[in-house]
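Comments concern the structure below.
Numbering (the working numbering), first residue to last: 39 to 590.
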């Protein structure tokens, strides 16, 4: 797990930078974790590539002096811990343990008078061990440098042991562990989104909120994690308690009208019900989300009347008590369902993230083929280079420069994160018309490092439909002729016949004997590569066998 960098929600190892270093380091024992815990902080972080290269034999392990090999061998010749600085002083400078600790403190204070006195003491001790003055000064300079940010090994060891124990739980009880991690991050939608993405990456199914199955917290439900109702905006603890108590006492809810009739609407008000509907918690009922929203007022009136009838002890025409009388349930109104975009927007507004999908799903093949970076990898990208991002615009801030010309900042969100892109005045006239909230776009931006951090400067931006027309020049299908059923080829023919266009289709036919592929150009299949067509082709042949070719 550590070697694969699958350490989201693992204490001290959850940042994206640390996860990437884990994949490069491929730790083999607890000592590697202890070292990385000490190195991954300002100062020694620059030494991480050296530590990794030395561990894997790509860089020679060197020691400042042979007598220090025993001290530095566990960390491949790189001083990492405060304890190592103290040991170096003892071994080369003949310090006592107490004296070495005083040296460590003096180095931390960086007082020149104290350091000058300590240097003289160290040089005298080194001279007694037959170490020349030049080497002794070099070692003291190294110790002084590393003592400023060297981490206490005992602290790092304790942290790493907790991390290892945490990772054990994640490896052996992934559903329970990640459900607990999601619950702990319910107040921070960005962190919650990272844990949800980790669950999907690990192949763990995350079920949407459900009025009949969700608890307040995220919970384990069979071989899946069920979304917790407390993560839905506007759904409070009192409402959840009311829902769960009624469900436990009298069974599952069967419809919107059954739900409102059985609940105390002083505890579960209209706003709460709207949140439950829009988040998908009522999707198991007959009907769709927009119907439920439109029907809410009638449903609440129906529930109030039913509760008044029961309170008044009103009888039916046949003399039955109201508890057994047949109540006339209103009909669900006929309305068109929300579009996929509306559905996802409402999910994001209420939960802070998308649950039933992502707006970019529609253009998944295009994103995989032509985007060159993701916002989750932003801190690892090289500066002064251009990258292509695909995402949905979630925020637009338009400003005016002193000369009156407009510029803008946009927030763009992709599958795994979000980032800000600056559109300067020189690009605004051309790009400005596309800066619309909820617009799916492809942005080409240059990463520039500045004093206040990294910035993405837009060089080009276009709607995804336009990017599709510009970038896709041909489609390549990778096939094994002996393993492709005839019905798959028949489905492909139907797709081509029904979606004629200007994009040529090519086939890479794998020769099972030689292992090589023969590329053939289709004479008949010239199609329109719409998102629906591409998704259909991926369903038929698998995403890995559908390759978009064009501008890179």
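Glycine included, every Cβ here is placed at the ideal spot set by N, Cα and C. Bear in mind that the values here come from a model prediction, so they are computed numbers and not experimental data.
According to DSSP, residue 218 shares a beta bridge with no other residue. Of the residues assessed, residue 342 falls on the exposed side of the cut-off, its CB having fewer than 16 other CB atoms within 10 angstroms. In the structure shown, the three-state DSSP call for residue 575 is helix. Boundaries around residue 509 are those of the alpha helix (DSSP H), 502-509, since no beta strand (DSSP E) includes it. Beta-bridge analysis with DSSP links residue 513 to 543 and 586. In the DSSP annotation of this structure, residue 565 is not part of any alpha helix (DSSP H); the continuous beta strand (DSSP E) holding it starts and ends at 555-565. A distance of 7 Å or more separates the beta carbons of residue 119 and residue 110. Contact between the segment 412-425 and the segment 462-470 is absent: fewer than three C-beta pairs spanning the two stretches fall below 8 Å.
A residue is called buried once 16 or more other Cβ atoms fall within 10 Å of its Cβ, and residue 517 is buried on that count. Here residue 497 carries a strand assignment [DSSP, helix/strand/coil]. Excluding sequence positions up to five before and after residue 106, its CB lies within less than 8 Å of the CB of 126, 129, 130 and 177, all in the same chain and listed in chain order. For residue 285, the uninterrupted alpha helix (DSSP H) run begins and ends at 275-288, by DSSP. Beyond the five residues adjoining it in sequence on each side, residue 446 comes within less than 8 Å, by CB distance, of 434, 435, 436, 437, 460, 461, 466, 470 and 473 in the same chain, given in chain order. Within the DSSP secondary-structure output, residue 445 pairs in a beta bridge with 437.
By the criterion of a C-beta distance shorter than 6 Å, residue 309 is surrounded in its chain by 272, once the five residues flanking it on both sides are discounted. Annotation: residue 457 is outside any alpha helix (DSSP H); the continuous beta strand (DSSP E) that includes it extends over 456-461. Using a 10 angstroms sphere on the CB of residue 551, the tally of other CB atoms stays under 16, which defines it as exposed. For residue 158, the enclosing alpha helix (DSSP H) begins and ends at 150-166. Along the segment 77-151, the alpha helix (DSSP H) occurs as fully enclosed runs of 4 or more residues at 86-93, 107-110, 120-131 and 135-147, listed in sequence order.
Between the C-alpha atoms of residue 402 and residue 58 there is a straight-line separation of about 24 Å. Taking the C-beta atoms as reference points, residue 421 is found nearer than 7 Å to residue 487. If you ignore the 5 residues before and after residue 200, its C-beta comes within less than 7 Å of the C-beta of 49, all in its own chain and listed in chain order. Per DSSP, the beta bridge partners of residue 428 are 480. DSSP places residue 232 within a helical segment (H, G or I) once states are collapsed to three. For residue 492, the closest C-alpha among the options 382, 503, 418 and 519 is that of 418.
Note: residue 245 is bridge-paired with 264 in the DSSP secondary-structure output. For residue 457, the number of other beta carbons within 10 angstroms of its own is at least 16, and it is reported as buried.
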